[in-house]
Structures are given as C-alpha cells and as structure tokens.
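Remarks on the structure that follows.
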Amino acid sequence: MADNLLSIMTFFPLVGMIALLFIPRDNDAMLKSFALAVSLITFLISLPLAFDNVFKTSGGMHYREFYEWIHVGEFFQMNYNVGVDGISLWLVMLTTFIMPIAILSTWNAVKKNTKGFMAMLLLLQTGMLGAFISLDLFLFYIFWELMLIPMYFLIGIWGGSNRIYAAVKFFIYTAVGSLLMLVGIIFVYYYAIQSGSPVNGFGIQEFYQLDIPYGAQFWLFLAFGFSFAIKVPMFPLHTWLPDAHTEAPTAGSVILAAVLLKMGTYGYVRFAMPLFPEALQTFIPFLAFLSVVGIIYGSLVAMMQDDVKKLVAYSSVAHLGFVMLGLFALNMQGMAGGMIQMINHGISTGALFLIVGFLYERRHTRQISEFGGLAGKMPIFATIFLIITFSSIGLPGTNGFVGEFLALMGAFESDLRWYAVFATTGVILAAVYMLWVYQRIMFGKVTNPANENIKDLSAREIVIMAPLLLFVFWIGIYPNTFFDKMNPALEQLLQQINNQQVAIVEVVQPVVANVVDTK
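Counting in our numbering, the sequence shown runs from -18 upward without gaps.
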C-alpha cells in the first residue's frame, strides 16, 4: 500500500463519490454517514505520512509514483508524476483533516439535494489532494481545474440569496487565472523542447534545471503569479472572496478558507518562485507592497462590517498577506513562518466560519447587531469562540502567534524590513476587530428577545471544534512537531532558488565582459 499510498488517498474520495450516487436520494442519513465515513477513511489513509520521519532527514520528494500516461509522438508527453515533501505534507494533512469536520458541520444545515452536496465535497477533496501532490505541471493544472467545478456548484446551488452572482464571479476570476497559467505551462514546455534539455513530460524537477532567459522569466512569472495571486487572494484581486465566503454554505466557507486559498500560496512556493528566480527578485518589492496593503486594507474593511461572516472573509485577506510577506523574505524564518501560517489560517479561520455557522443555524442571521449578551446563554460557545479569537489575533501560546512572529521576523531580517514595520499594524488592527466583534456578540445585556432561549453548543458541535482547539494549542506551544518535517524541504527550496540565481549570473557576466572587452 505504501507504494501507492498517495494515489489511494487522492482517489478514494472520488471512488466514494461514485458509490454515493447509488444510495437512494431520499435517504439523507445514509448519504451523510457514507460521505463522513469516506472522509474519515481518507484521513486514516493519510496518517502514515504525518508519522514518517523520512521528512526530517531529507528535503526531497517521497512516496513517489511515476507512470507514463499520454504520449503524442516525440513532442507531447504527460506523466502521472506525484510525490510529497515537507512543504506539501502538512497541506495534504490539513486537507484530509478538515473534510470530516466540514461534512459534520452541515449535518443539519443542508436541506436540499444532500446527495449532490456530499458528492461535490468528495470530488473537491480529490481535486485538492491531487493538486498538492502533483509533480507534473500539466497534471497540477488538471487537478487545479477540477477544484473549480465542485466549488462553483457548492456556492451556486447551496449558497445564500446572492449565490449566483458570487458563484459566477468566483468562476470568472479563477478561469482567467487558469488560462494564464495554462499559457505559461505550455511556454515552459516549449522552451524546454527547443533548448534541447532532457524533458520527461511536464515534470517540475526537470523544469527547475532550465536556464530560462530573464525576459521570458519576467512574462512567465507574471502569468503564473497572476493566477496564484487571484487564488490567494492578494489585493487588489481579492474582490471575489468576500462574496464567495458570504454566500457559500458553512462547509464551503470552511474548505475555501482552510484549503482552497492555500492553492495560491502553495503555487508560489512550488512553481513560480523556484522556476523563475530572477524574475522573482524583480517582483518581490511590488508583491511585498501588495501583501502589506492587503494586511492593512483587509483589517480596516473588516472593522467596518456588520455581517460577521464578511468580517471573517476580509480577515483572511489580511492573514494571507502575512503568509506572502514571509514567503517573499526568502530566508528560513520567513519561509517557515509563511508555511506554518498557511496551516494556522486553515485552522483558525476555518474555526471562525464554523462558529458563524453555529450562530446562523440558531438565529438565521449573521448581523452582529442582532446579537449581544450570549456569554451567559452559551458558556461553552463563549469559551471556544474566545480561544479561536485569541488564535486569530496571534496571542502567544496559540498557533497564530508562531506564524505571524516568524513571518515578520523573516521580513525584518531581509530587505523587506520597512514592509514589515507597516505590516505590524495589522497585528494591532486584528486585535481591534476580533475583540470588538467578540465583545458585541458575547457581552452586554440580551436586548433581542430572539436570543433569550438560544441554545449552547450540542455534543456534535463540540466534537467538531475539539480537534481544531487541539491544534491551536499544539502548534502554539510546540510547533517543532511541524517544523522538523518542513525545514529540510524549505532549505532545499531556498538552495534551489539561490543556485539558479547564481547560475544565471554566471552566464550573464561573461557575456557582459565580452561586450566591454570588444568596446
């Protein structure tokens, strides 16, 4: 099983989705239970990855699977090429971990076409896992596009009153980015063929060895970077996110925040940054500027929201700004901070969307002004909400502190120190809007009669939140569990980027010297 573990893990949800279609449409209990069982088994299949110490000693790819797939003469070749390293490991684990939680969160919320809803969730999981393990650019693109379909339907069919607008906007933004990435993929492959480099399909490890001229790198980084920036999303390409989050069902919002947005940040780390290192240096000041603007803008707009779900959506723009700033520092502190903050955001913001979902199920409103004084009525809810609030604002001892601190420290120790100075205002603003929303919902007197008989969390809801709370404190208190397996891969990535930059300089300098001698 170990030889094919990644394939079994990735395609098991797809097989489960197909089997789900044979369950009677009106048997909601069986449909939900079956989908939950499939997601739990997928998580169990992935567990050997988390406990394998090989990631501590080697930054290379492990659990490799390679099969020749499509050959068209000598020009076009595509392979099923997958693997996992310390960079993708925890994103894979986050995906398998969050899906059972997402399914449980909608146990009583989905009222129509339960079969279709659960089928879309399982199909989405296959797409997400496939993207994280792909080592072939074209295979990555296939899984990237596969994710678009179920998420579009989750928003468009099971979303709120403005779901069609949100779904179409999500589709258009993502499709435009995907088209640019496809053009970039084709050009990289064409360049590899024309340069006579040994190419075995669209394998990224072969593409890492290409000496792509700076002019081509510039446009290719622009194509890939634009596509990934939409997915992050970075300011000003973020406008699809608040609408998608607000209209999506709770499970859709949780998965969107926890995993789908990480496709953009992961895309930068795995593809754009190591493939085009010279262009990366050109774009870093601009991208770091956009990251800081996103941090401040997202925080300020979040402070102005009365819809608590939209507030959490804008907070994502700010939190992911810290991720990108850390990655662009191009040092171990910043990269490690950015990577762990991807996981932290998935846990904390995913938990916040669950909390919003719990409130909405009880009151069918997300307006902050409709609440107040709930701490006395819902003590368990109040405690969990407070812990997640502290996590979101980066209180020491919680997971949020580790990622933000390392990302900012990495930026301070790089050429981005002035960007980091302005980014620190986001830490203060996060405390302002998160504590403000907590105070308005939980404290004060119960002034709305509809809140008088509101019920505290059920056993199912406590079970949903318990694993998330565990990781809030686990990462906050002992993050080395995660860093130990991440660091070798990050060191190898930084070495890859630096070596390519040196190689290009060594090629360019003799050319410049010859020109000078000629003159």
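Even for Gly, the Cβ is constructed at its ideal location relative to N, Cα and C.
Alpha carbon of residue i to alpha carbon of residue j, nearest angstrom
| i | j | result |
| --- | --- | --- |
| S234 | A10 | 23 Å |
| Y400 | Q314 | 16 Å |
| N495 | S176 | Any reading at N495 needs caution, since the residue's pLDDT is 48, under 50, leaving its predicted position unreliable; the model's value is listed next. Near 23 Å, if we compare the C-alpha coordinates of S176 and N495. |
| H326 | V304 | 9 Å |
| L161 | L203 | 9 Å |
| I114 | S(-12) | 9 Å |
| Q190 | V289 | 47 Å |
| F366 | L438 | 11 Å |
| F47 | A239 | 29 Å |
| L355 | F(-8) | 43 Å |
| A332 | D192 | 44 Å |
| I123 | M423 | 45 Å |
| P448 | L340 | 20 Å |
| N468 | G67 | 7 Å |
| G457 | E385 | 11 Å |
| T246 | K426 | 42 Å |
| N380 | P5 | 42 Å |
| S159 | M109 | 15 Å |
| N480 | A283 | 41 Å |
| L475 | E394 | 15 Å |
| A431 | F134 | 33 Å |
| I51 | G182 | 9 Å |
| K150 | R441 | 34 Å |
| Y172 | V53 | 18 Å |
Three-state class that DSSP yields for residue i in the structure shown
| i | result |
| --- | --- |
| W88 | coil |
| H322 | Note on residue identity: the sequence assigns Gln, not His, to residue 322. Q322: helix per DSSP, three-state reduction. |
| D224 | helix |
| G357 | coil |
| Y189 | coil |
| F32 | helix |
| I4 | coil |
| D(-16) | helix |
| N62 | strand |
| S176 | coil |
| R45 | strand |
| G184 | strand |
| I435 | coil |
| I(-11) | helix |
| S208 | helix |
| H465 | According to the sequence displayed, residue 465 carries Asp and not His. Helix, per DSSP. |
| F352 | coil |
| H52 | strand |
| F78 | helix |
| V453 | helix |
Exposed unless 16 or more other CB atoms sit within 10 angstroms - verdict on residue i
| i | result |
| --- | --- |
| M446 | buried |
| R57 | In the sequence on display, residue 57 carries Phe and not Arg. So F57 counts as exposed. |
| E49 | exposed |
| T220 | exposed |
| T227 | buried |
| K500 | Reliability fails at K500, whose pLDDT of 45 lies under 50, so the model's placement of it is uncertain and the value that follows must be treated cautiously. Exposed is the call here. |
| M285 | exposed |
| M63 | Reading off the sequence shown, one finds Val at residue 63, where the question assumed Met. V63 should be labelled buried. |
| P29 | exposed |
| R398 | exposed |
| K436 | exposed |
| L2 | exposed |
| L12 | buried |
| Y459 | exposed |
| D224 | buried |
| N461 | exposed |
Nearest-angstrom Cβ-Cβ length linking residue i and residue j, presumed shorter than 8 Å
| i | j | result |
| --- | --- | --- |
| T77 | S27 | 4 Å |
| F205 | G165 | 5 Å |
| P255 | I478 | 5 Å |
| L242 | S297 | 7 Å |
| I276 | G302 | 4 Å |
| V91 | W125 | Their Cβ separation, rounded to whole angstroms, is 26 Å, which puts V91 and W125 out of contact at 8 Å. |
| Y295 | G307 | Actually they are not in contact, since the Cβ atoms of Y295 and G307 sit about 20 Å apart, beyond 8 Å. |
| I211 | A83 | With a Cβ gap of about 23 Å, I211 and A83 do not count as contacting. |
| M80 | L102 | 7 Å |
Measuring CB atoms only, is the segment 344 to 355 touching the segment 98 to 109, in the sense that at least three cross pairs come out at less than 8 Å? In this structure the segment 344 to 355 does not touch the segment 98 to 109; the number of beta carbon pairs closer than 8 Å is below three.
Decide if the segment 316 to 336 is in contact with the segment 66 to 76; the criterion is three or more beta carbon pairs, one per stretch, under 8 Å apart. In short, these stretches touch, since the Cβ pair count reaches three.
Meets three-Cβ-pair contact criterion under 8 Å: the segment 262 to 270 and the segment 369 to 382: no
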